[in-house]
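Engineer:
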Amino acid sequence: MSRIRRHSPWRTRRTPEASGLPVTATLDGRGNFIVSSSDPAKEWSAPVWVPAGGIDPSLFFEDGRAWYCTNASLHPGQEEITLEEIDVRTGALLWMTGASVCGSAATGSITVSRLP
Numbered sequence: 001m002s003r004i005r006r007h008s009p010w011r012t013r014r015t016p017e018a019s020g021l022p023v024t025a026t027l028d029g030r031g032n033f034i035v036s037s038s039d040p041a042k043e044w045s046a047p048v049w050v051p052a053g054g055i056d057p058s059l060f061f062e063d064g065r066a067w068y069c070t071n072a073s074l075h076p077g078q079e080e081i082t083l084e085e086i087d088v089r090t091g092a093l094l095w096m097t098g099a100s101v102c103g104s105a106a107t108g109s110i111t112v113s114r115l116p
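If you read the sequence shown in our numbering, its first letter stands for residue 1, the second for the next number, and so on.
#1: Between which two residues does the beta strand (DSSP E) carrying Trp44 extend?
#2: If you compare alpha carbons, which of Val88, Cys69, Asp87 and Glu85 is closest to Glu79?
#3: Taking Cβ to Cβ, would you say Ala66 is nearer than 7 Å to Leu59?
#4: So which of Ser73, Pro76, Pro57 and Gly77 has the shortest CA-CA distance to Glu85?
#5: Give me the residue from Gly54, Val48, Thr82 and Thr24 with the minimum Cα distance to Ala92.
#6: To the nearest angstrom, how far is the alpha carbon of Asp87 from that of Gly77?
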């Protein structure tokens with residue numbers, strides 16, 4: 001974990017369900033991962049790798065389901081915020097909502113879309 005900790009500055013924890021479940025983006029191109037701990041001052045679990053990139057990853061919990069939200073560059077010149085259901089124990093992405101927020105800082109344009 002020391003190598004991961006040293007190269008992974010981005011992590012978020014936003015809900016009570018996610019306490020002890022920070023999701024982190026790496027700087028070395030390996031992707032994002034989730035770790036857990038019942039006490040942040042003690043040992044952390046091995047990383048659970050998420051098969052998705054992007055920066056500023058976050059977990060959202062609602063009605064017993066977990067959602068993975070991140071800012072990704074899926075199209076040249078645009079950033080997109082995507083939301084996918086995730087199994088936090090395995091890192092498997094279960095379902096993409098089809099909802100995304102797209103935009104370009106250069107043009108100041110933002111498009112909100114939801115696929116059927």
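C-beta: ideal position from N, C-alpha, C; glycine also.
The structure displayed is predicted, hence computed values, not measured ones.
Structural biologist: Working from what's here:
#1: For Trp44, no beta strand (DSSP E) encloses it, and the DSSP letter there is neither H nor E.
#2: It is Cys69 whose Cα lies nearest to the Cα of Glu79.
#3: In contact: Ala66 and Leu59 (Cβ atoms closer than 7 Å).
#4: Nearest to Glu85 by alpha-carbon distance, out of Ser73, Pro76, Pro57 and Gly77, is Pro57.
#5: Ranking Gly54, Val48, Thr82 and Thr24 by Cα distance to Ala92 puts Val48 first.
#6: For Asp87 and Gly77, the distance between alpha carbons rounds to 30 Å.
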